[in-house]
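Engineer: Mapped onto this note's numbering, the consecutive letters of the sequence shown carry residue numbers 5 to 261.
Each residue gets a CB set at the ideal place from its N, CA and C atoms; glycine is no exception.
Treat the numbers as computed from the prediction; the structure is a model and nothing was measured.
Let me begin by handing over the structure; questions about it come next.
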Amino acid sequence: MAQANERNHSVDISTHTIFIPGATSGIGLALALRLKAAGSTVIIGGRRTALLEQLAKEHDFSTVRIDTADPASVLTARDEVLAQYPNVDTLIAMAGIMAAEDVHSADFLVTAESTVVTNVLGPIRLIAAFVEHLQAQADAAIITVSSGLAHTPVAAFPTYNGSKAFIHRFTDTLRLQLADTSIQVLEIVPPGVRTDLTPGQAEFEHFLPLDAFVDEVVTLLQAQDGSEILVEAVKPMRFAEVNGAYDQMVAAINPGL
Ligand SMILES: NC(=O)c1ccc[n+]([C@@H]2O[C@H](COP(=O)([O-])OP(=O)(O)OC[C@H]3O[C@@H](n4cnc5c(N)ncnc54)[C@H](OP(=O)(O)O)[C@@H]3O)[C@@H](O)[C@H]2O)c1
């Protein structure tokens with residue numbers, strides 16, 4: 005699908021200095037390992053400090069403790085990262101949470117609010133913290149992480165679906181606003197991938213294996229001629245509404261409703 009302000013850029017994954025808040029596990033960690041192996045310098049971030057220390061030892065990563073739900077932590081981490089790596093040119097706003105919610109239950113609001121803080125305010129805070137630095141770099145990128153659920157919702161996760169729909173449209177708009185800068189704005193749109201994002205998900209047979217997903221993402225990042233990184237498996241969800249298949253797709257991922 006044609007995107008506004010298409011720049012047809014690819015990302016040379018061997019030359020960048022990349023900060024990934026949300027890379028202590030799952031997609032972020034798998035992507036960090038691929039990008040580092042390809043030759044980029046990768047700084048990983050997250051809240052779990054023991055895991056950060058372990059990953060630094062095991063894989064020789066630079067690490068930073070960051071809680072994207074805390075505005076002060078985002079700024080402290082930004083300052084730490086840029087002090088050590090003044091050439092950071094790529095931000096991958098990976099950190100996210102996914103918690104089941106029921107609007108009828110007493111804890112609905114707590115879950116909904118924390119989802120918005122991490123999945124919506126987190127990327128906004130990160131981008132606000134880094135944009136000035138990034139636009140001073142010759143070849144920079146901001147990469148957000150939405151979801152197929154931004155386009156085809158699953159019933160148990162209303163705020164999560166909404167948070168990722170926000171990321172999709174926010175990313176589109178950011179791309180327009182940054183069109184005259186050195187920053188290209190990309191969006192990774194994962195389908196269901198086997199990680200520990202939700203309980204038991206790492207074993208879901210109908211989700212993509214993590215390695216297969218990240219292999220496809222890396223290929224698309226290098227070859228991409230669109231602003232969305234769309235692996236084959238996410239396309240039915242991503243384009244359901246466009247293709248007139250929205251009701252069928254919603255029914256398919258919400259069996260029994
Ligand atoms: N797996 C899927 O099926 C799927 C599908 C669509 C989209 N996604 C998106 O992909 C991203 C990565 O998820 P994943 O599947 O790889 O799950 P994951 O293994 O649970 O990874 C989530 C990462 O986000 C970090 N994180 C969460 N809250 C944070 C916070 N407040 N501050 C800093 N870091 C935080 C976690 O690190 P710490 O716990 O150490 O802080 C962890 O590194 C998320 O944005 C998710 O919504 C995943």
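So what does DSSP say about Gln188, is it helix, strand or coil?
Structural biologist: Residue numbering aside, residue 188 sits at position 184 when the sequence shown is read from its first letter. Note: Gln188 maps to strand in three-state DSSP.
Engineer: For Val68, which option in Thr53, Thr122, Lys61 has the closest C-alpha, if you only look at C-alpha atoms?
Structural biologist: Along the sequence shown, read from residue 1 onward, the residue named residue 68 stands at position 64. Closest by alpha carbon: Thr53.
Engineer: For Ala194 and Phe134, what's the separation of their Cα atoms in angstroms?
Structural biologist: As a working note, residue 194 is residue 190 in the sequence shown. As a working note, residue 134 is residue 130 in the sequence shown. A small correction: the amino acid at residue 194 is Pro; Ala does not occupy that position in the sequence shown. Straight-line Cα distance between these residues: approximately 24 Å.
Engineer: Do Thr72 and Gly126 have their C-beta atoms closer together than 7 Å?
Structural biologist: Residue 72 sits at position 68 when you count from the first residue of the sequence shown. Residue 126 sits at position 122 when you count from the first residue of the sequence shown. Yes, they are a contact pair.
Engineer: Just the C-alpha distance for Thr45 and His20, rounded to the nearest angstrom, thanks.
Structural biologist: Along the sequence shown, one-based indexing puts residue 45 at 41. Along the sequence shown, one-based indexing puts residue 20 at 16. Spanning the two alpha carbons is a distance of roughly 6 Å.
Engineer: Rounded to whole angstroms, what's the CA-CA distance from Ala8 to Gly230? Just pull it up for me.
Structural biologist: The residue you call residue 8 lines up with position 4 of the sequence shown. The residue you call residue 230 lines up with position 226 of the sequence shown. Low local confidence applies: a pLDDT of 46 at Ala8 is under 50, so the model's placement there is unreliable, and no value is given.
Engineer: Along the chain, where does the beta strand (DSSP E) containing Ile147 start, and where does it finish?
Structural biologist: The residue you call residue 147 lines up with position 143 of the sequence shown. Unbroken beta strand (DSSP E) run through Ile147: 144-149.
Engineer: Using 8 Å as the cut-off, can you tell me whether the segment 128-147 makes contact with the segment 70-85, which would need three or more C-beta pairs spanning the two stretches below that distance?
Structural biologist: Yes: at least three Cβ pairs fall under 8 Å.
Engineer: Apart from the five residues just before and just after Glu84, which ones in its own chain have a Cβ nearer than 7 Å to its Cβ?
Structural biologist: In the sequence shown, residue 84 corresponds to position 80, counting from 1. Closer than 7 Å at the Cβ level, and outside the excluded window around Glu84, lie Val68.
Engineer: For the beta strand (DSSP E) that contains Ser66, what are its first and last residues?
Structural biologist: The sequence position of residue 66 within the sequence shown is 62, counting from 1. Run containing Ser66: 66-69, per the beta strand (DSSP E) assignment.
Engineer: For Leu35, I'd like the list of residues in its chain whose CB is within less than 6 Å of its CB, leaving aside the five on either flank, ordered along the chain.
Structural biologist: For the purposes of this step, residue 35 is identified with residue 31 of the sequence shown, where counting begins at 1. Counting only Cβ-Cβ distances below 6 Å, and skipping sequence neighbours, we find Val218.
Engineer: Our contact map puts Leu59 next to Ile48 with C-beta atoms below 8 Å; I'd like the distance itself, whole angstroms only.
Structural biologist: Translated into the one-based positions of the sequence shown, residue 59 becomes position 55. Translated into the one-based positions of the sequence shown, residue 48 becomes position 44. Contact holds; Cβ gap of about 6 Å.
Engineer: To the nearest angstrom, report how far apart Ala145 and Ser66 are at their CA atoms.
Structural biologist: Reading the sequence shown from its first residue, position 141 is the one you call residue 145. Reading the sequence shown from its first residue, position 62 is the one you call residue 66. Each residue's Cα considered, the two are about 20 Å apart.
Engineer: Pick out whichever of Ala142, Asp143, Leu153, Ile192 has its Cα sitting closest to the Cα of Asn258.
Structural biologist: One-based indexing of the sequence shown puts residue 258 at position 254. Comparing Cα positions, the closest option is Leu153.
Engineer: Does DSSP classify Ile24 as helix, strand or coil?
Structural biologist: For the purposes of this step, residue 24 is taken as residue 20 along the sequence shown, with counting starting at 1. Of the three classes helix, strand and coil, the one that applies to Ile24 here is strand, per DSSP.
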